[in-house]
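Here is the structure we will look at.
Number of protein chains: 2
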Amino acid sequence: MTASFYPPQRTLMGPGPSDVSPRVLSAMARPTIGHLDPLFVAMMDEVKQLLQYAFQTKNTLTIPVSAPGSAGMETCFVNLIEAGDTVIVCQNGVFGLRMQENVERCGAKAVLVQDEWGRACDPQKLEDALKANPDARFVAFVHAETSTGASTDVKAMCEVAHRYDCLTIVDAVTSLGGSPLDVDDWDVDAVYSGTQKCLSCTPGLSPISFNEVALDVIKHRKTKVQSWFLDLNLVMAYWGEGAKRAYHHTAPVNALYALHESLLILKEEGLEQAWARHQTHHQALKAGLESLGLNFVVPESERLPQLNAVRIPDGVNDAQVRAMLLQDYQLEIGAGLGVMAGKVWRIGLMGYACRKDNVLTCVLALSEVLGRLHIPFAHKDVMAATLAAYGE
Amino acid sequence: MTASFYPPQRTLMGPGPSDVSPRVLSAMARPTIGHLDPLFVAMMDEVKQLLQYAFQTKNTLTIPVSAPGSAGMETCFVNLIEAGDTVIVCQNGVFGLRMQENVERCGAKAVLVQDEWGRACDPQKLEDALKANPDARFVAFVHAETSTGASTDVKAMCEVAHRYDCLTIVDAVTSLGGSPLDVDDWDVDAVYSGTQKCLSCTPGLSPISFNEVALDVIKHRKTKVQSWFLDLNLVMAYWGEGAKRAYHHTAPVNALYALHESLLILKEEGLEQAWARHQTHHQALKAGLESLGLNFVVPESERLPQLNAVRIPDGVNDAQVRAMLLQDYQLEIGAGLGVMAGKVWRIGLMGYACRKDNVLTCVLALSEVLGRLHIPFAHKDVMAATLAAYGE
Chain A
0 MTASFYPPQR TLMGPGPSDV SPRVLSAMAR PTIGHLDPLF VAMMDEVKQL LQYAFQTKNT
60 LTIPVSAPGS AGMETCFVNL IEAGDTVIVC QNGVFGLRMQ ENVERCGAKA VLVQDEWGRA
120 CDPQKLEDAL KANPDARFVA FVHAETSTGA STDVKAMCEV AHRYDCLTIV DAVTSLGGSP
180 LDVDDWDVDA VYSGTQKCLS CTPGLSPISF NEVALDVIKH RKTKVQSWFL DLNLVMAYWG
240 EGAKRAYHHT APVNALYALH ESLLILKEEG LEQAWARHQT HHQALKAGLE SLGLNFVVPE
300 SERLPQLNAV RIPDGVNDAQ VRAMLLQDYQ LEIGAGLGVM AGKVWRIGLM GYACRKDNVL
360 TCVLALSEVL GRLHIPFAHK DVMAATLAAY GE
Chain B
0 MTASFYPPQR TLMGPGPSDV SPRVLSAMAR PTIGHLDPLF VAMMDEVKQL LQYAFQTKNT
60 LTIPVSAPGS AGMETCFVNL IEAGDTVIVC QNGVFGLRMQ ENVERCGAKA VLVQDEWGRA
120 CDPQKLEDAL KANPDARFVA FVHAETSTGA STDVKAMCEV AHRYDCLTIV DAVTSLGGSP
180 LDVDDWDVDA VYSGTQKCLS CTPGLSPISF NEVALDVIKH RKTKVQSWFL DLNLVMAYWG
240 EGAKRAYHHT APVNALYALH ESLLILKEEG LEQAWARHQT HHQALKAGLE SLGLNFVVPE
300 SERLPQLNAV RIPDGVNDAQ VRAMLLQDYQ LEIGAGLGVM AGKVWRIGLM GYACRKDNVL
360 TCVLALSEVL GRLHIPFAHK DVMAATLAAY GE
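Okay, here's the thing in structure tokens:
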């Protein structure tokens with residue numbers, strides 16, 4: 000007989016979802032009101048303003064798509080790209096591969112610029128590709144590769160792309176709220192993110208932002224957007240300016256309460272303070288993991304603080320360690336993705352989960368489990384190393 | 000300064016979202032766990048089984064799409080239809096128009112079969128269209144037209160479609176859980192619904208079900224599905240059988256807790272009992288509304304119990320009445336949609352909101368507001384008429 004589902008209280012230190020603040024969960028459980036209710040419409044306006052702050056943009060078209068990050072990605076591609084377009088896709092992990100899928104399903108041509116998994120995208124390689132493909136109209140790349148933990152220099156990439164008259168589409172799913180992202184200053188044309196990473200909101204929504212140049216492309220398309228649900232010409236009639244909203248689809252009302260609260264928490268803390276907090280705890284986690292003999296996948300200068308991919312030592316059973324952490328410590332860390340499956344662990348430090356108690360629990364639990372499994376790499380000075388990084 | 004958002008406690012008697020049960024809101028606020036967590040995967044299996052019960056089907060591919068009903072509609076069309084296909088689209092309201100949009104954005108040809116808004120789709124007209132279009136491969140229509148409150152005979156329509164070797168795509172957004180729907184017995188090939196109508200769950204998910212014939216079409220497509228996010232070949236790797244799940248997108252974890260609880264509530268009550276309850280309260284609401292002199296848009300034999308569209312009397316300011324109900328009674332009723340905007344009110348009786356107290360409040364509040372506005376149609380025996388329908 001099926002009964003109500005009561006999930007355990009996990010500590011979520013995987014690649015997302017991250018731990019959700021009790022404030023956000025509480026907001027989500029408030030009474031549902033109509034998606035055209037004047038009070039709800041006023042809250043939508045606040046969500047847009049708070050998202051503009053999080054993205055550091057004045058873009059009018061800054062809204063959450065009513066579906067997870069993958070749908071935000073698809074929103075960018077299907078609205079901007081038409082069949083026959085040429086798009087440069089920079090690939091340094093799983094999400095660059097997904098961008099290619101999106102381009103091709105729009106009937107467009109994807110020119111691939113490949114960097115090693117675990118490294119940033121290289122602006123020089125992008126420039127070479129742009130020189131070789133003068134018909135390219137768009138450049139797409141991932142700011143924070145969730146599959147490896149590599150951070151790409153968005154400003155440098157956009158500067159190159161614009162020199163060749165291309166618009167940029169940037170994946171900021173894992174960066175938003177966790178490491179510096181400045182959509183206007185970096186001149187990003189279209190960007191998408193997710194709610195379940197450094198915003199520490201529940202999964203299910205995808206914030207996007209388009210600048211005027213990108214908006215102009217959408218308004219002057221030769222063909223209809225292939226997705227009715229994601230067609231921004233229609234979505235904007237609901238999320239647009241003023242009190243008058245045209246029904247497009249029924250907004251996920253309670254999920255938007257949650258996003259509102261999570262963005263408010265980010266604003267209260269301050270973006271710079273949130274970025275600094277992710278950096279601080281990353282340094283401590285790094286000290287702890289390295290004291291265990293674990294090596295990072297990404298070189299230090301290209302590393303994200305919020306997604307720590309470390310190589311699994313030889314002879315260790317990946318699934319066994321993760322299962323022990325989950326069962327004995329209620330601690331979730333992430334498995335490797337794509338070619339890195341079985342080879343790395345991805346330890347997230349995102350949003351509400353990015354805290355000292357979680358860092359200490361994680362390194363201590365990993366140390367204990369590796370010790371219990373007689374892994375020779377496990378050292379004993381893990382706590383001293385971690386606390387030292389906190390200056391203690 | 001932006002502050003936390005505290006919505007009022009409305010009574011939602013519009014076309015959806017409907018009032019959400021406190022049990023469902025409470026489930027939604029439980030701690031987020033990972034979307035690949037074994038406990039979450041086990042809960043997903045229960046959601047699938049509960050959805051099979053709600054749809055009355057044994058279809059293996061019975062899952063919730065991670066986005067609202069419009070995305071469920073799009074899932075059906077983009078997975079089944081390929082460019083060049085011919086699709087018969089029966090239109091008797093807004094959602095039939097939307098189906099046409101979906102067909103055309105797939106590069107397919109939509110042959111329209113039109114019925115008057117407020118009437119059911121006519122199986123004879125469908126048969127005429129099928130005779131005239133022997134190349135048609137699919138027939139699409141809406142079971143419960145949310146824009147008018149008309150109910151179409153799904154079994155009869157499917158029988159005709161199958162006689163001409165067409166697959167059926169059925170919109171059951173407003174019917175699921177509110178009025179009889181039997182996917183297997185009626186031989187529906189593909190069906191989609193929403194969570195925010197008679198399931199009384201929060202908006203944001205779209206349950207779908209495909210039978211083996213439809214699944215076979217998906218598996219033998221000549222071209223890739225144009226949407227990566229909605230491609231069921233990929234989605235099934237996450238929602239598929241067994242404990243092994245491949246990451247596709249991050250599932251909206253907390254929204255799925257809510258859906259699980261709402262489906263459990265439906266199962267506890269029993270489908271037939273839920274259908275009977277909607278019918279009982281519809282009869283009382285009907286008695287009350289008619290005693291006020293309000294006329295239904297849909298003839299009695301084609302009327303849905305859960306969506307009551309009544310004509311707005313001449314001289315009444317639609318927006319003013321709805322604003323008064325909202326402000327003075329916290330009661331939301333729905334406006335007209337499309338060609339019916341300003342001409343009808345849509346009064347929902349869906350799921351948790353389908354209760355005697357709501358019926359009485361609604362007819363009493365409407366009576367008082369119409370009286371306050373000196374509308375000559377307002378009668379005084381509204382309560383007696385409504386209670387009489389309850390046998391009191």
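Which chain is which? The protein sequence lines are A and B, in order.
Once you know that position 347 of the first sequence is 346 in numbering that gives the first Met the number 0, the rest is easy, because the numbers rise by one and skip nothing.
Once you know that position 92 of the second sequence is 91 in numbering that gives the first Met the number 0, the rest is easy, because the numbers rise by one and skip nothing.
Glycine residues also receive a C-beta, built at the ideal position from the N, C-alpha and C atoms.
Every value quoted in this text rests on a predicted model; they were computed, and no experiment measured them.
Which chain B residues sit within Cβ distance under 9 angstroms of residue i?
i       : result
V260(A) : This sequence places Glu at residue 260(A); Val is not what is there. Residues of chain B passing the Cβ test: S3 and F4.
R97(A)  : W227
K266(A) : T1
Residue i touches chain B at which residues, Cβ-Cβ below 8 angstroms?
i       : result
P7(A)   : P30, I32 and L38
A318(A) : Within chain B, no residue comes near A318(A); the closest Cβ sits about 11 angstroms away, beyond 8 angstroms.
K411(A) : Absent from the structure is residue 411(A), since the part of chain A shown begins at 0 and ends at 391.
Buried or exposed: residue i, going by 16 or more other Cβ atoms within 10 Å of its Cβ?
i       : result
M0(B)   : exposed
P304(B) : buried
N101(B) : buried
V338(A) : exposed
G177(A) : buried
E271(A) : exposed
N404(B) : What is shown of chain B runs 0 to 391, which leaves residue 404(B) out entirely.
G83(A)  : exposed
G15(A)  : buried
H34(B)  : buried
Q90(A)  : buried
Q225(A) : buried
Y191(B) : buried
D188(A) : buried
N210(B) : buried
If I measure Cβ to Cβ from residue i and keep anything under 6 angstroms in the same chain, skipping five residues before and after, which residues do I get?
i       : result
K154(A) : W185
L180(B) : A171 and S174
L336(A) : V93 and S146
Y163(B) : L129
S3(A)   : none
K124(B) : V112
So, under 8 angstroms CB-CB, residue i and residue j are touching, yes? Tell me the CB distance rounded to an integer number of Å.
i       : j       : result
V296(B) : V309(B) : 7 angstroms
R136(B) : K223(A) : Going by Cβ atoms, the distance from R136(B) to K223(A) rounds to 22 angstroms, so no, they are not a contact pair.
I332(B) : M12(B)  : 5 angstroms
T194(A) : L288(A) : About 27 angstroms separates the two Cβ atoms, so there is no contact after all.
I217(B) : N78(B)  : 5 angstroms
A119(A) : T151(A) : 4 angstroms
Y256(B) : A26(B)  : 5 angstroms
G350(A) : S205(A) : Incorrect: roughly 16 angstroms between the Cβ atoms, too far for contact.
P63(B)  : V46(B)  : 7 angstroms
V23(B)  : S261(B) : 5 angstroms
Spatial neighbours of residue i within its chain, please: CB distance less than 7 angstroms, with the 5 preceding and 5 following residues excluded, ordered by chain position.
i       : result
F94(B)  : V141, E144, T145, S146 and D170
L265(B) : A53, G176, L198 and A273
I80(B)  : V86, V102, C105, A107 and F137
A236(A) : A245 and H247
L325(B) : E331
List, in order along the chain, the chain A residues whose C-beta lies closer than 8 angstroms to that of residue i?
i       : result
L231(B) : What L231(B) touches in chain A: nothing, since even the nearest Cβ is about 14 angstroms away.
H248(B) : P67, G68, S69 and A70
Which bits of chain C does residue i rub up against, with CB to CB less than 8 angstroms?
i       : result
P375(B) : In summary, chain C is missing from the structure at hand, where the protein chains are A and B.
Could you pull out every residue in the same chain whose Cβ sits closer than 8 angstroms to the Cβ of residue i, ignoring the five residues on either side in sequence?
i       : result
T31(B)  : V252 and N253
A352(B) : T10, L11, M12, S17, D18 and S199
T385(A) : A283, L284, A286, G287, S290, V358, L359 and V362
E73(B)  : N101, S226 and L229
At a CB-CB cut-off below 7 angstroms, which residues of chain A make contact with residue i?
i       : result
N253(B) : M27 and T201
K223(B) : R104
Q195(B) : T249
V19(B)  : T31
Below 9 angstroms on C-beta distance, what does residue i contact in chain A?
i      : result
L49(B) : T1
What are the start and end residues of each continuous alpha helix (DSSP H) run of 4 or more residues lying completely inside the stretch 311-344 of chain B, in chain order? The stretch 311-344 of chain B contains these whole alpha helix (DSSP H) runs: 317-328.
Complete alpha helix (DSSP H) runs within the stretch 188-243 of chain B (minimum length 4 residues, chain order): Runs of alpha helix (DSSP H) with 4 or more residues, each lying fully within the stretch 188-243 of chain B, are found at 211-218 and 231-238, listed in chain order.
Any beta strand (DSSP E) of 3 or more consecutive residues that is wholly inside the stretch 34-62 of chain B: Positions of the beta strand (DSSP E) runs, each at least 3 residues long and wholly inside the stretch 34-62 of chain B, cannot be given because no such run exists.
Unbroken beta strand (DSSP E) runs of length 3 or more, entirely within the stretch 84-120 of chain A: which are they? The qualifying runs are 85-90 and 108-113.
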